[in-house]
Amino acid sequence: MNKLFIILKKVFFVLLFTILILGVFGYVYLYVLPKGPEVTEVEKLKTGTDSFVMYAYKTNERRSIKVWTYKPENWKNNDRIIFVMHGGGRNADDYLDAWKNIAEEQNILVLAPEFANKFSKYTTNDYQEGNLFTFFGTTNPKEEWAYTVIENIFDHVKETNDIKNESYDLFGHSAGGQFVHRMILLMPEARINKAIAANAGFYTLPIKDLKYPYGLKNTQISFNTIQKSFEKQLIVLLGENDNDPSLGNFRETELAMQQGGHRLARGSYFYKTASNLAEKEGWFFNWKIDTVYNVGHNYREMSQQAVKYFEK
Numbered sequence: 657m658n659k660l661f662i663i664l665k666k667v668f669f670v671l672l673f674t675i676l677i678l679g680v681f682g683y684v685y686l687y688v689l690p691k692g693p694e695v696t697e698v699e700k701l702k703t704g705t706d707s708f709v710m711y712a713y714k715t716n717e718r719r720s721i722k723v724w725t726y727k728p729e730n731w732k733n734n735d736r737i738i739f740v741m742h743g744g745g746r747n748a749d750d751y752l753d754a755w756k757n758i759a760e761e762q763n764i765l766v767l768a769p770e771f772a773n774k775f776s777k778y779t780t781n782d783y784q785e786g787n788l789f790t791f792f793g794t795t796n797p798k799e800e801w802a803y804t805v806i807e808n809i810f811d812h813v814k815e816t817n818d819i820k821n822e823s824y825d826l827f828g829h830s831a832g833g834q835f836v837h838r839m840i841l842l843m844p845e846a847r848i849n850k851a852i853a854a855n856a857g858f859y860t861l862p863i864k865d866l867k868y869p870y871g872l873k874n875t876q877i878s879f880n881t882i883q884k885s886f887e888k889q890l891i892v893l894l895g896e897n898d899n900d901p902s903l904g905n906f907r908e909t910e911l912a913m914q915q916g917g918h919r920l921a922r923g924s925y926f927y928k929t930a931s932n933l934a935e936k937e938g939w940f941f942n943w944k945i946d947t948v949y950n951v952g953h954n955y956r957e958m959s960q961q962a963v964k965y966f967e968k
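Below you can see the structure in the form of structure tokens.
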């Protein structure tokens, strides 16, 4: 019996030591070692398709991000700038391609950041959930939120191209739709003119006692912040046929399923929850919801429709 106890004790300490080692290596890999492509030399954006790599944060050089761009030949200062946020495939170049003809027709400078997730450069938590928390559950400083990266990119583009624009528009589809609505909700001070969250898989509800990312618990977001977010121009854009949960990565946790059985239902639930809160508190509510008919979970078709809302 004593011999068995000694063996179990040794096994326990070996497992504990292994877990500690893996934890240390995991922390160093995720939060100490630099990640991302090599930063490129600073230069002005070229006409047509281009890209650059910059440091994601202003406070350190631990992470870099690639930004795909499309600039029409006739684009000039104070013409429209739109950030296009990719879906779960992290295929920013494909999303840029979907906007090239739109950019030419509407004379829009398109910026498509690539939150890559190969080799854990950017995980789900890092991208659409905003990087508010570390993998271990501790809070990240606001300057390392994924949403702050968009503001940093805007500053970089303005500074390196002598651009005078004071605001930008924001479009995201699927995981990008998650990113967009959370950025509006969590960081309304961002210089966003109009935002479109299209076909998001699930939503962060403006509920203080519901855990993040389903609600705002532990985010330290105040009711004042929520009120300011309601004053922003956000359009929840839904595809009429986006009612097939088997498409893409569809979250089926208990809290996600409470929002609805498919993306179309969840978008309506999110908007209604926010609208009801604004009405209850007597707040100005500047959000809108609309449905694109005969379109499902398709970022190209949703992009073609989304640009019409930016024209209004």
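What the sequence shown shows, in the working numbering, is residues 657 to 968, in sequence order.
We treat Cβ as the ideally placed atom computed from N, Cα and C, and that holds for glycine.
Just so we're clear, the structure is a prediction, and the values are computed from it rather than from any experiment.
Distance between THR947 and MET710, taken at the CA atoms: about 36 Å. Contact check for PRO862 against ALA921 fails: the beta carbons are separated by 8 Å or more. The closest CA to that of PHE941, considering only GLU800, ASP900, LEU893, SER885, is found on SER885. Residue state for GLY895 is assigned as strand, using DSSP reduced to three classes. Taken atom to atom, the span from the alpha-carbon of PHE708 to that of THR696 is near 6 Å.
For LEU701, no beta strand (DSSP E) segment is defined, and its DSSP state is neither H nor E. The beta-carbon distance between SER830 and GLY952, rounded to whole angstroms, is 11 Å. This is too long to meet the 8 Å contact definition. Here the alpha carbons of ASP900 and VAL723 stand approximately 31 Å from one another. One alpha carbon belongs to ILE848, the other to LYS714, and they sit about 19 Å apart.
If only complete runs of 3 or more residues are kept, the region 756-819 shows the beta strand (DSSP E) at 765-770, in order along the chain. PRO869 is positioned such that its CB atom lies closer than 8 Å to that of GLU785.
Under the three-state reduction of DSSP output, TYR925 falls in the helix class. Membership of VAL963 in the alpha helix (DSSP H) is indicated by the continuous run 955-967. Between the alpha carbons of GLU910 and VAL963 lies a distance of about 34 Å. Scanning ALA853, LYS888, PRO844, MET958 for the CA closest to the CA of ILE877 turns up PRO844. Assigned with DSSP and collapsed to three states, HIS829 falls in strand. In the structure shown, the three-state DSSP call for VAL723 is strand. In summary, THR725 is buried, with 16 or more beta-carbon neighbours lying within 10 Å of its beta-carbon over all protein chains present. For SER885, the three-state secondary structure derived from DSSP is helix.
Under the DSSP assignment, MET913 falls outside any beta strand (DSSP E), being part of the alpha helix (DSSP H) whose first and last residues are 910-913.
Distance between ALA846 and ILE840, taken at the CA atoms: about 8 Å. In the DSSP annotation of this structure, the continuous segment of the beta strand (DSSP E) that includes ALA854 starts and ends at 848-854. ILE738: member of the beta strand (DSSP E) spanning 737-741, first to last residue. SER878 has no beta-bridge partner at all, per DSSP.
Under the three-state reduction of DSSP output, ILE840 falls in the helix class.
Separation of ARG736 and ASP825 (C-alpha to C-alpha, rounded to the nearest whole angstrom) is 8 Å.
About 4 Å separates the beta carbon of ILE945 from that of TYR927, a gap short enough to meet the 8 Å contact definition.
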